[in-house]
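*Asks:* So that we are looking at the same thing, I have put the structure below in structure tokens.
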Amino acid sequence: MTKPDGIYPSTCWECSTRCGSLVTLENGHVARVGPNPDHPGSKGAFCVKGIRALPELTYSPNRIARPMRRAGPRGSGQWDEISWGEALEEMADRLLAVRAEHGPESLIGAVSSAFFSRGAMVALLMRSLGSPNWMMNQDLCGGCRALSDKVTGLGIVGGEDVDNTRCALIAGRNPSAADPVQWMGLKKVKENGAKFIVIDPAETPAAKLADIWLRPKPGSDAAIALAMTHVIIEEDLYDRNFVENWTSGFDELRERAAQYTPARAAELAGVSADDIVAAARLYSDGPSCFVSGHGIDAFANGVQTFRAFHCLVAITGNIDRRGGNIRVKRPRGFRNYIDILHDPEFALPPAVAEKALGTDAFPLWAGPKGWQTSVHNPTALDAILTGKPYPVRAMYVSGVNIAVTYPDTRKVLAALNSLDFLAVASHMMTPTSEVADIVLPKTTGLEEEEVSLEPSAQIVCYTNPVKAPEGEARTDFDFTTDLARRLEPRGIDTRKFFPWETKQDFNEYLLGDEIDWNLLKKQGWAPFDFSLGNFEEAGFKTPSGKIELWSQTLDDIGVDPLPGYETPRAERSNASAKRNFPLILITGAREKTYHHSRYRDQAWARKMSPFPLLKVHPDDAHRFDLSDGDWVAVETAGFEGACKLKVAVTPETDTGTVRTGMGWWLPEADGPEKGALDVNVNVALSYDGPWDPVTGSADTRGLLCRVTPVPESEIPMRETA
Numbered sequence: 001m002t003k004p005d006g007i008y009p010s011t012c013w014e015c016s017t018r019c020g021s022l023v024t025l026e027n028g029h030v031a032r033v034g035p036n037p038d039h040p041g042s043k044g045a046f047c048v049k050g051i052r053a054l055p056e057l058t059y060s061p062n063r064i065a066r067p068m069r070r071a072g073p074r075g076s077g078q079w080d081e082i083s084w085g086e087a088l089e090e091m092a093d094r095l096l097a098v099r100a101e102h103g104p105e106s107l108i109g110a111v112s113s114a115f116f117s118r119g120a121m122v123a124l125l126m127r128s129l130g131s132p133n134w135m136m137n138q139d140l141c142g143g144c145r146a147l148s149d150k151v152t153g154l155g156i157v158g159g160e161d162v163d164n165t166r167c168a169l170i171a172g173r174n175p176s177a178a179d180p181v182q183w184m185g186l187k188k189v190k191e192n193g194a195k196f197i198v199i200d201p202a203e204t205p206a207a208k209l210a211d212i213w214l215r216p217k218p219g220s221d222a223a224i225a226l227a228m229t230h231v232i233i234e235e236d237l238y239d240r241n242f243v244e245n246w247t248s249g250f251d252e253l254r255e256r257a258a259q260y261t262p263a264r265a266a267e268l269a270g271v272s273a274d275d276i277v278a279a280a281r282l283y284s285d286g287p288s289c290f291v292s293g294h295g296i297d298a299f300a301n302g303v304q305t306f307r308a309f310h311c312l313v314a315i316t317g318n319i320d321r322r323g324g325n326i327r328v329k330r331p332r333g334f335r336n337y338i339d340i341l342h343d344p345e346f347a348l349p350p351a352v353a354e355k356a357l358g359t360d361a362f363p364l365w366a367g368p369k370g371w372q373t374s375v376h377n378p379t380a381l382d383a384i385l386t387g388k389p390y391p392v393r394a395m396y397v398s399g400v401n402i403a404v405t406y407p408d409t410r411k412v413l414a415a416l417n418s419l420d421f422l423a424v425a426s427h428m429m430t431p432t433s434e435v436a437d438i439v440l441p442k443t444t445g446l447e448e449e450e451v452s453l454e455p456s457a458q459i460v461c462y463t464n465p466v467k468a469p470e471g472e473a474r475t476d477f478d479f480t481t482d483l484a485r486r487l488e489p490r491g492i493d494t495r496k497f498f499p500w501e502t503k504q505d506f507n508e509y510l511l512g513d514e515i516d517w518n519l520l521k522k523q524g525w526a527p528f529d530f531s532l533g534n535f536e537e538a539g540f541k542t543p544s545g546k547i548e549l550w551s552q553t554l555d556d557i558g559v560d561p562l563p564g565y566e567t568p569r570a571e572r573s574n575a576s577a578k579r580n581f582p583l584i585l586i587t588g589a590r591e592k593t594y595h596h597s598r599y600r601d602q603a604w605a606r607k608m609s610p611f612p613l614l615k616v617h618p619d620d621a622h623r624f625d626l627s628d629g630d631w632v633a634v635e636t637a638g639f640e641g642a643c644k645l646k647v648a649v650t651p652e653t654d655t656g657t658v659r660t661g662m663g664w665w666l667p668e669a670d671g672p673e674k675g676a677l678d679v680n681v682n683v684a685l686s687y688d689g690p691w692d693p694v695t696g697s698a699d700t701r702g703l704l705c706r707v708t709p710v711p712e713s714e715i716p717m718r719e720t721a
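Okay, here's the thing in structure tokens:
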């Protein structure tokens with residue numbers, strides 16, 4: 001139901017930052033979305049995606065209006081509109097048919113993450129059918145960071161107190177594009193005298209403001225962090241009281257860090273030893289805040305690289321102190337969506353849960369002890385294509401475009417096309433939904449209600465459903481619980497996994513008993529009582545109850561319990577590979593206009609960022625006879641597949657490296673792939689390893705590559721007026 005005209009506080013759902021917004025309704029229409037100056041987290045800051053993308057998505061002519069059933073061959077673009085009842089009845093019948101023929105574990109779900117309700121809904125639906133299998137994108141974004149945080153025992157992901165810091169250590173992150181709201185806070189504190197240490201191969205806006213900019217070889221960040229640790233320990237700059245009382249494994253860390261003198265790390269990373277020493281001294285003069293991102297996640301040594309930085313945060317005592325990294329708190333009784341996945345009330349029998357794909361190889365990622373209890377995606381794709389270790393024949397996807405966001409696009413599309421049944425809930429037709437059997441229309445963040453934590457401000461946030469859904473769109477909670485009820489007469493007991501009758505019931509279950517529901521809805525956020533340093537009573541969530549510099553959890557699964565450096569894949573390659581693939585490719589660079597694969601159909605975004613770019617240093621452009629605006633094919637060593645990108649010559653990119661973004665496809669293009677096989681860098685990337693030994697994350701950055709000109713007749717996009 002659309003609310004009366006007025007201004008409504010809400011929370012932007014675009015990403016995990018949870019910025020406060022004000023939504024203006026005029027004549028029953030969303031006229032404006034803007035920042036909420038009273039929000040204690042975002043403090044009136046907002047990004048262009050929050051202002052433009054969400055309302056344009058809501059009213060887009062490209063939105064799916066009604067459920068659809070495929071009426072021709074897969075990918076033919078032939079669809080029949082059907083009712084919700086027909087769609088859900090067919091989903092129930094076909095999921096159960098596959099289950100009867102191949103077993104419960106032959107069913108799998110897929111979402112972007114469990115940070116919103118759709119993740120819990122998809123996972124619980126699979127569990128109600130007896131399957132432990134569901135996929136998420138976090139192995140490609142944030143997973144290594146989260147697992148390092150978890151096994152070390154910090155609990156600080158998302159808790160960067162940039163507003164009060166004296167020194168920000170920014171590594172693997174371009175906040176100006178990845179988190180413009182955080183960037184606004186960083187710029188303000190810099191103006192007030194804070195210092196910046198930036199570790200990034202690219203000359204980002206943060207690097208331009210840095211007091212110390214370390215420009216490492218891609219994938220060598222761990223060597224720098226360990227050398228900084230060595231300096232801090234040897235010069236007695238660490239927080240002795242915190243280390244002695246709240247950490248374990250300090251002597252072992254000291255011994256490991258001693259292997260990485262500034263001179264050795266400088267050689268490994270290609271930076272100045274003096275700068276490493278200066279950075280260590282500056283960071284130790286806190287309070288200092290560690291700001292990190294995807295640039296570290298996308299390597300097969302991602303967890304241990306993050307561990308090196310997280311140990312640095314710990315030994316300097318920058319845990320749960322103003323200006324440092326705040327441990328995420330929560331109100332009394334509050335549950336987030338990941339808590340649901342670990343709640344014994346919603347658990348599968350252990351023997352079933354442990355069959356989740358990838359559990360044997362990555363037990364801290366996949367299965368019942370995994371971070372979000374998901375599967376290892378590459379193992380799941382192989383199961384679809386080979387039937388090993390068991391067949392996976394039906395998939396339900398909600399709110400994620402896996403044909404575009406997963407590496408090895410051709411393999412992902414082959415897997416989707418080979419399924420016996422595929423259902424996709426989406427806002428618009430994507431390369432993923434184009435090959436589905438059933439497509440369901442989803443609501444947007446202006447049409448659905450969500451509650452969530454904002455970790456940096458320690459508040460609960462409310463996403464306000466200010467308007468009735470367009471067309472026949474429904475929320476994930478609504479149609480998933482509807483499907484669950486339709487399974488019950490077919491012999492599936494779904495009540496254990498879906499005990500809530502309404503979204504209100506579900507939200508109240510999440511909130512616990514401390515948050516004032518009326519206040520939350522009225523102002524779009526609600527505070528709760530918390531105190532810094534509460535670990536002094538409760539300890540840390542590790543086997544020792546302390547921050548584990550030497551990790552018992554990692555040792556238990558046969559992984560090095562200490563952080564370490566691993567020679568990047570490009571450097572390990574043989575001379576022939578280096579000769580034939582003379583550049584290093586950095587992928588995943590963020591853009592202000594897009595979030596992952598979303599909003600590629602919006603005119604304002606395409607005007608600001610019209611092409612998939614490959615950023616090349618002027619020296620390399622001269623070396624390879626490239627000019628600004630040329631189209632090139634990009635290939636990586638050891639993998640068959642090439643994507644087409646447009647050259648942008650810029651000194652922001654280091655010599656010997658080239659940089660590109662991610663998530664590109666062309667909604668206007670012909671064919672079910674909609675340009676994804678041309679302009680998406682994942683066409684040129686393998687998903688088959690090497691993998692991080694903890695998360696199973698693929699090596700998708702720092703890869704040897706080569707570029708060759710694209711013939712004029714094969715250029716995939718043209719300039720538009």
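Residue numbers (my numbering): 1 to 721.
For glycine and all other residues, C-beta sits at the position ideal for the given N, C-alpha and C.
1) With a floor of 4 residues, list each alpha helix (DSSP H) that falls wholly inside the region 230–260, ordered by position along the chain.
2) If you draw a straight line from the alpha carbon of R659 to that of T708, how long is it in whole angstroms?
3) Are A730 and M135 touching if we call contact CB-CB under 8 Å?
4) Using the Cα positions of A722 and F421, report the straight-line distance between them to the nearest angstrom.
5) Might you give, ordered along the chain, the residues of its own chain that have their beta carbon closer than 6 Å to the beta carbon of R127, omitting 5 neighbours on each side?
6) According to DSSP, simplified to helix, strand and coil, what is I715?
7) Rounded to whole angstroms, what's the CA-CA distance from T494 to M121? Just pull it up for me.
8) Bridge partners of R706, per DSSP?
9) With DSSP as the reference, please indicate the residues paired to F421 in a beta bridge.
10) Between the region 87–101 and the region 305–313, are three or more C-beta pairs nearer than 8 Å?
11) Which residue from V162, A278, E454 and G295 puts its Cα closest to that of F116?
12) Alpha carbon to alpha carbon, how far is K578 from W213? Give it in angstroms, no decimals.
13) Where does I197 sit, in a helix, a strand or coil, going by DSSP?
14) Exposed or buried, M1, counting other C-beta atoms within 10 Å across all chains shown (16 or more means buried)?
15) How would you label T386, buried or exposed, when you count the other beta carbons within 10 angstroms and need 16 or more for buried?
16) Taking buried to mean at least 16 other C-beta atoms within 10 Å of its own C-beta, is S531 buried or exposed?
17) Which stretch, first to last residue, makes up the alpha helix (DSSP H) that contains D149?
18) Taking contact to mean 3 or more Cβ pairs, one atom from each stretch, closer than 8 Å, check whether the region 462–471 and the region 23–35 are in contact.
19) Under 8 Å, do A202 and D628 count as touching if we go by C-beta distance?
20) Counting along the chain, where does the beta strand (DSSP E) carrying T660 start and finish?
21) Please state if the CB of K644 and the CB of W665 are separated by a distance shorter than 8 Å.
22) Helix or strand or just coil, what does DSSP make of C311?
23) Per DSSP, N325 forms a beta bridge with which residues?
24) Indicate whether P441 and A65 have their beta-carbon atoms separated by less than 8 Å.
25) If you draw a straight line from the C-alpha of A415 to the C-alpha of G661, how long is it?
26) Pick helix, strand or coil for S426, following the three-state DSSP scheme.
27) Pick out the complete beta strand (DSSP E) segments inside the region 341–375, 3 residues or longer, and give them in chain order.
28) Alpha carbon to alpha carbon, what distance is there between S113 and S697?
29) Got a sec, what are the start and stop residues for the beta strand (DSSP E) L88 sits in?
30) CB G588 to CB R474, shorter than 8 Å?
31) Going by C-alpha to C-alpha distance, which of E450, T152, T444 and L413 sits closest to E434?
32) Considering Cα atoms alone, identify which of A45, L268, K3 and L125 is closest to P180.
33) In the structure shown, what three-state DSSP assignment does D80 receive?
34) When you compare each of L237, P61, P37 and I82 to I438 by their alpha carbons, which one comes out closest?
35) Do D275 and R166 come within 8 Å of each other at the CB atom, strictly closer than that value?
36) Give the range of the beta strand (DSSP E) segment to which K521 is assigned.
*Replies:* In terms of the structure at hand:
1) Positions of the alpha helix (DSSP H) runs, each at least 4 residues long and wholly inside the region 230–260, are given as 240–246 and 250–257 in order along the chain.
2) Spanning the two alpha carbons is a distance of roughly 15 Å.
3) Limits of the chain in this structure are 1 at one end and 721 at the other, which puts residue 730 out of reach.
4) Any property of residue 722 remains undetermined from this structure, which presents the chain solely from 1 to 721.
5) Here R127 has L348 and F497 as same chain residues with Cβ atoms under 6 Å from its own Cβ, once five neighbours each way along the sequence are excluded.
6) In the structure shown, I715 adopts coil according to DSSP, grouped into three states.
7) The alpha-carbon atoms of T494 and M121 are separated by roughly 12 Å.
8) Beta-bridge annotation (DSSP): R706 is paired with E635.
9) Per DSSP, the beta bridge partners of F421 are A394.
10) In short, these stretches do not touch, since the Cβ pair count stays below three.
11) Cα-wise, what sits closest to F116 is E454.
12) If I take the Cα positions, the gap works out to 27 Å.
13) The answer is strand: DSSP assigns I197 an E or B state.
14) The residue in question, M1, is exposed, as its Cβ has fewer than 16 Cβ neighbours within 10 Å.
15) Note on T386: under 16 other CB atoms within 10 angstroms of its CB, so exposed under the neighbour-count rule.
16) Exposed: under 16 other Cβ atoms inside 10 Å.
17) Taken as a continuous stretch (DSSP letters only), the alpha helix (DSSP H) holding D149 covers G143 to T152.
18) Taking a cut-off of 8 Å on C-beta distances, the region 462–471 touches the region 23–35, as three or more cross pairs fall below it.
19) Cβ atoms of A202 and D628: not closer than 8 Å.
20) T660 -> beta strand (DSSP E) spans T657 to T660.
21) If you check the CB distance, W665 and K644 do not come in under 8 Å.
22) If DSSP states are grouped into helix, strand and coil, C311 belongs with the helices.
23) Paired residue(s): E160 and I319.
24) The Cβ-Cβ distance between P441 and A65 falls below 8 Å.
25) Straight-line measurement puts the Cα of G661 at about 24 Å from the Cα of A415.
26) Here DSSP, grouped into helix, strand and coil, assigns S426 to strand.
27) You should have found no qualifying run.
28) Their Cα atoms are separated by approximately 15 Å.
29) Not the beta strand (DSSP E): L88 falls in the alpha helix (DSSP H), residues W84 to H102.
30) Not a contact, by the Cβ cut-off of 8 Å.
31) Looking at the Cα atoms, L413 is the closest of the given residues.
32) Checking every option, the nearest Cα to that of P180 belongs to A45.
33) Residue state for D80 is assigned as strand, using DSSP reduced to three classes.
34) Taking each of L237, P61, P37 and I82 in turn and checking the Cα distance to I438, the smallest one comes out for I82.
35) Pairing R166 with D275 gives a Cβ-Cβ distance that is not under 8 Å.
36) It is not in any beta strand (DSSP E) - K521 instead sits in the alpha helix (DSSP H) that spans W517 to Q523.
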